[in-house]
Amino acid sequence: FMTMAYIVFVNPAVLAQAGMDFGAVMTATCLAAGIATWAMGIAANYPIALAPAMGQNVFFLTVVAGMGVRWETALAAVFLSGAAFFLLTLCRIRGWLLDAVPEGLKHAIAVGIGLFIAFLGLAGAGIVEKAEGSGLLRLGDLSRAPTRVALAGLLVAAALLARGIRSGVLAGILASAGLAWALGLVEWQGVVAAPPSLAPTFLRLDLRGVLDPALLPIVLLFLFMAMFDAIGTLIGVGEQGGFLRDGRLPRATPALLADSSGTVVGSLLGTSTVTAYVESATGVQAGARTGLANLVTGTLFFLALLFSPVVRMIGGGVAVAGGGVLQPVTAPALVVVGCLMAGNVRRIDWSDFTEGFPAFLVLAGIPFTGSIADGIAFGFIGHPALKALSGRAREIHPLAYALGAVFLLRYVLL
-7 FMTMAYIVFV
3 NPAVLAQAGM
13 DFGAVMTATC
23 LAAGIATWAM
33 GIAANYPIAL
43 APAMGQNVFF
53 LTVVAGMGVR
63 WETALAAVFL
73 SGAAFFLLTL
83 CRIRGWLLDA
93 VPEGLKHAIA
103 VGIGLFIAFL
113 GLAGAGIVEK
123 AEGSGLLRLG
133 DLSRAPTRVA
143 LAGLLVAAAL
153 LARGIRSGVL
163 AGILASAGLA
173 WALGLVEWQG
183 VVAAPPSLAP
193 TFLRLDLRGV
203 LDPALLPIVL
213 LFLFMAMFDA
223 IGTLIGVGEQ
233 GGFLRDGRLP
243 RATPALLADS
253 SGTVVGSLLG
263 TSTVTAYVES
273 ATGVQAGART
283 GLANLVTGTL
293 FFLALLFSPV
303 VRMIGGGVAV
313 AGGGVLQPVT
323 APALVVVGCL
333 MAGNVRRIDW
343 SDFTEGFPAF
353 LVLAGIPFTG
363 SIADGIAFGF
373 IGHPALKALS
383 GRAREIHPLA
393 YALGAVFLLR
403 YVLL
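Going by my numbering, 222 is the number at position 230 of the sequence shown; the sequence numbering is gapless.
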């Protein structure tokens, strides 16, 4: 719980930028994490906790802010992706879909999202900012108190992680919060209070709006990202815990059903995609081997509902001159998480240009366009096209051509 509790502070701060109510998202985050974590422990008996995913909450934000989609419609897209993941798991054809996406693109998506998350953290800290009169970036004013607070928190988080302390991200948030409070940048609002109302986000899905054919690629991206995260984390943590049998994870179906159900429930409550957390490896390292660990972790997420004043103080932001708002307390977490996600770059086969170039289009396209959807689309279009043009068309899964056509059609019809 300590290694993933940062999401309680960061997720509301991210989704509030999409126009959602901060308090309602905080409540939805805790409830969705608690319910999904309990479901994993009870249904699959694994010590693998779940919560709204970093990366997918940022994707949600870019869909709303960058594409002009209402957050209610984006929630409906999350709901459909979770329901589709659930049905695909029941029908046992999820593997066929995953095989259609090259390994290089899977890793490139993680790297690209990591770079974008890190950029949002640097911008939220005031370390970088847009240069006036151009579309370029420049170094921010490092003399501002909020920026220095963020730098201090980033240093604490990085130092602790470097020493092998897995809760370093949370420690960085708390260090920034303490320093910000001491400098008078944030106001103490108490510790314990009744949980914020869920009414502003509960069942606010726009299911009619999401049926627009133009949003099909968005639903597909939510679906594929959810499957990548879930299966990758289950295999990774399962390998560390010794759960794998001949390279396969026993009880994988109930585990994935719990994961996909978490996304469905989370979207109904008012949060983005819920997925298994790789931070669960910390509990496995400490000796967790059964779902009992999940019952404890889920209960702690439920108890976190009572600490809304602290969450609001940490994630509420700090107003600065010029009318802007910086996030000096949560920004360090974004930078560190982005760095950890970018580590997947070493798994890309750079020796094969037909693999490396499409991967580069993704990992460069996401932060440079400011759109996760566009960056991923570049890869889905470029990979089969480059394979075909190089005379290696047979190396591509037939479904990959269909996916590339769907994303290409999106641009043709713009």
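Built from N, CA and C at the ideal position, the CB exists for glycine as well.
Worksheet item: Anyone know if the C-beta pair for G357 and L42 falls short of 8 Å?
Response: no
Worksheet entry | Selection from V93, H99, I340, A169 that minimises the alpha carbon distance to L143 | Looking at the Cα atoms, A169 is the closest of the given residues.
Worksheet item: Span of the beta strand (DSSP E) holding A129?
Response: Strictly speaking, residue 129 in this sequence is Leu, with Ala absent from that position. Unbroken beta strand (DSSP E) run through L129: 129 to 131.
Worksheet item: F360: which of G127, V17, G116, L208 sits nearest, CA to CA?
Response: G127
Worksheet item: Counting Cβ pairs, one atom from each stretch, are 3 or more of them under 8 Å apart for the region 65 to 73 and the region 363 to 374?
Response: no
Worksheet item: Within 10 angstroms of its Cβ, does P205 collect 16 or more other Cβ (buried), or is it exposed?
Response: exposed
Discussion item. Taking a contact to mean a Cβ-Cβ separation below 8 Å, would you say V266 touches A24 in this structure?
Written reply: Yes, the Cβ-Cβ distance between V266 and A24 is below 8 Å.
Fill in: L378 versus R338: straight-line alpha-carbon distance, rounded
22 Å
Worksheet item: In terms of residue numbering, what span does the beta strand (DSSP E) encompassing P44 cover?
Response: 42 to 44
Worksheet item: When you compare only the Cα positions, how much space is there between T29 and A123?
Response: 44 Å
Item to complete: Check L197 in the structure and name its three-state DSSP category.
Response: coil
Discussion item. Between V321, S382, A351, A394, which has its C-alpha nearest E95's C-alpha?
Written reply: Distance from the Cα of E95 is smallest, within the candidate group V321, S382, A351, A394, for A351.
Worksheet item: Considering only residues of the region 122 to 204, which uninterrupted beta strand (DSSP E) runs meet the minimum length of 3 residues and lie entirely inside it, listed in chain order?
Response: 129 to 131
Worksheet item: What do you reckon, are the CB atoms on C331 and A110 nearer than 8 Å?
Response: yes
Worksheet item: Of the residues Q277, V256, G262, which one's Cα is nearest the Cα of G234?
Response: Q277
Worksheet entry | Rounded separation between A8 and F14 - CA only | 5 Å
Worksheet item: Can you list, in chain order, the stretches of the alpha helix (DSSP H) that have 4 or more residues and sit fully within the region 291 to 364?
Response: 300 to 307, 323 to 334, 345 to 361
Fill in: Outcome for T282 when other beta-carbon atoms lying within 10 angstroms are tallied against a minimum of 16
T282 should be labelled exposed.
Discussion item. Contact defined as beta carbons within less than 8 Å: I believe A16 pairs with A191. What is the distance between those atoms, to the nearest angstrom?
Written reply: 7 Å
Discussion item. If I follow the unbroken beta strand (DSSP E) through A25, where does it start and stop?
Written reply: It is not in any beta strand (DSSP E) - A25 instead sits in the alpha helix (DSSP H) that spans 14 to 35.
Worksheet entry | For A268, the residue or residues it bridges with in DSSP | L42
Worksheet item: Quick one, which of R237, V328, E387 has its alpha-carbon nearest V148's?
Response: V328
Worksheet entry | Unbroken alpha helix (DSSP H) run spanning S253, endpoints | That run of the alpha helix (DSSP H) goes 244 to 261.
Item to complete: Could you tell me whether the Cβ atoms of V103 and V183 are closer together than 8 Å?
Response: no
Item to complete: Grab the span of the alpha helix (DSSP H) containing S73 for me, first residue to last.
Response: 63 to 83
Discussion item. Would P39 and S272 be called neighbours here (beta carbons separated by less than 8 Å)?
Written reply: Yes. Within cutoff.
Worksheet item: Skipping 5 residues on each side, what residues in its chain have a beta carbon closer than 6 Å to that of A(-3)?
Response: L162
Fill in: For V120, three-class secondary structure by DSSP
strand
Worksheet item: Anyone know if the C-beta pair for L326 and L112 falls short of 8 Å?
Response: yes
Practice prompt. Look at the Cβ atom of G371, then the Cβ atom of M12, and state whether they are nearer than 8 Å.
Written response: no
Practice prompt. Please say whether V312 and A172 have beta carbons closer to each other than 8 Å?
Written response: no
Fill in: For R240, the residue or residues it bridges with in DSSP
Under DSSP, R240 shares a beta bridge with R237.
Item to complete: Please work out which residues of its chain come closer than 8 Å, Cβ to Cβ, to I227, disregarding the five sequence neighbours upstream and downstream, and give them in chain order.
Response: L236, L241
Worksheet item: Taking the alpha helix (DSSP H) that G396 falls in, what are its first and last residues?
Response: 390 to 404
Worksheet item: If you scan the region 88 to 117 from start to end, which runs of the alpha helix (DSSP H) of 4 or more residues do you find wholly inside it?
Response: 95 to 117
Discussion item. Considering only heavy atoms of the ligand PLP, does any lie closer than 7 Å to the CB of V354?
Written reply: Of the ligands one can find in the structure shown there are none, so the ligand PLP has no counterpart to examine.
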